[in-house]
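Worksheet for the structure shown next.
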Amino acid sequence: MKVDLFDFELPRERIAEHPANPRDAARMLDLSAGGMTDRIVRELPDILRPGDLLISNDTRVIPARLFGKRGDAKVEVTLHKQEGLAEWVAFAKPAKKLRIGETFKVNDEFEAEVLDKKDGGEVTLKFNRSGADLIAALEKYGVMPLPPYIRREAGGSDQDKSDYQTIFAQKDGAVAAPTAGLHFTPELLANLDARGINRRTITLHVGAGTFLPVKVDDTDDHKMHAEWGSISKEIADLINETRANGGRVVAVGTTSLRLLESAAREDGVVEPFEAETDIFITPGYKFRAVDMLLTNFHLPRSTLFMLVSAFAGFERMKAAYNHAIENEYRFYSYGDCSLLECASKIDART
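Residues 632 to 981 in this note's numbering are what the sequence shown spells out, letter by letter.
Written as structure tokens, this is what we have:
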């Protein structure tokens, strides 16, 4: 498909710079019944049904943005994919300042050797710390890797260290937040539980590649960056049992959805999963595992807008985004969200 089909004009003032407070006060455009209703996130328990299963991503964002030097030259790197206990692939800016065999130095205690260089500003770094020690160094010297459309000073904001982390965050490894999860509060989770809605988490370590623009003209020519994910046998069994009993699987965010679809067989059965996935979903894809999706409003020409267009229907999503822009919904990571139902489910009822 032509990437231009997924372009739209978004006024700068529609981009959220901070999350809603409280988080579940964010607006939610409900398209779950085939219509279009303006709601807020804390109404979610009233829309879902007892026996539905809410699947969230429990990855935790690490401070993966580092400022340092190669010699006297200033260099910024954003880690995006772990290759080993001490090795990460990163986007470097400017990448031309780093050469294989040289040292990227954050300070006298924390540095990395450049092992490899790739296209698109990617470098492979081997740090002088590994495992938990490396994570501790990142926590001490790194900055939260906010998306480029959120305006901050180079050092970031202390508030973002908590704002850019979901209530589900448990497992270190993401360099971008699974942002649909940012809308949940303890009160909302308690109300979901009281309603009889089951909740479980899976893990997909979101990479910085999620922010990269699609630079090709045709979706067939775009290559996704791989991300590591895990679904346990217990959760896979519960997903299959839920659907067999007539319940719906509700993915919190596109990261949860992509992992679930990666683990699903053609017949819709979800199997345990522990591997990388580079699944790229565009209109025409047949969804196997997910019935509903809670997701934020995404960038023009992005793989995520392509995904939601595939899930809920291209024309429906164009109309929804027009409605959101006209009615001053807040977009992107800290913005509002939409609740979508798989188009095949809607079409089957009409």
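Where is the CB? At the ideal position from N, CA and C, for every residue including glycine.
Between the alpha carbons of residue i and residue j, how many angstroms are there, rounded?
i, j, result
"E905", "M937", "25 Å"
"P725", "G715", "24 Å"
"L617", "Q801", "Outside the modelled stretch of the chain, which goes from 632 to 981, sits residue 617, for which no answer is possible."
"N927", "Q713", "26 Å"
"T810", "V692", "11 Å"
"D922", "A821", "22 Å"
"A875", "R896", "15 Å"
"L835", "N688", "6 Å"
"N958", "S887", "28 Å"
"A808", "G732", "32 Å"
"V706", "P779", "17 Å"
"A657", "T690", "22 Å"
"H649", "N953", "22 Å"
"M632", "D978", "22 Å"
"V672", "A839", "26 Å"
"V880", "A974", "14 Å"
"K748", "E740", "24 Å"
Tell me, please, which residues DSSP counts as bridged to residue i.
i, result
"V602", "Residue 602 lies beyond the stretch modelled for the chain, which goes from 632 to 981, so this question has no answer here."
"K700", "K705 and K736"
"V883", "L925"
"G860", "L835 and A906"
"V774", "R696"
Can you tell me which of the options puts its alpha carbon nearest to the alpha carbon of residue i?
i, options, result
"P817", "N829, P653 and M659", "P653"
"R760", "G751, K771 and F637", "K771"
"S793", "A805, M775, P779 and D803", "M775"
"T668", "K757, A951, Y965 and A647", "A951"
Whose C-beta lies closer than 8 Å to the C-beta of residue i among residues of the same chain, with five residues either side of it excluded?
i, result
"L823", "L675, P676, L679, L685 and R830"
"T734", "R701, E742, A743, E744 and V745"
Looking only at its chain, what residues have a beta carbon closer than 7 Å to the beta carbon of residue i, apart from the 5 residues adjacent to it on each side?
i, result
"L777", "R783, G787, D791 and Y795"
"P681", "R826, G827 and I828"
"E902", "A867, A894 and R896"
Does residue i come out as helix, strand or coil in the three-state DSSP assignment?
i, result
"G812", "helix"
"D791", "helix"
"G899", "coil"
"D655", "helix"
"L938", "helix"
By Cβ distance, which residues of its chain are closer than 6 Å to residue i, with the 5 residues on each side in sequence left out?
i, result
"L935", "T885 and H929"
"I912", "L938 and A941"
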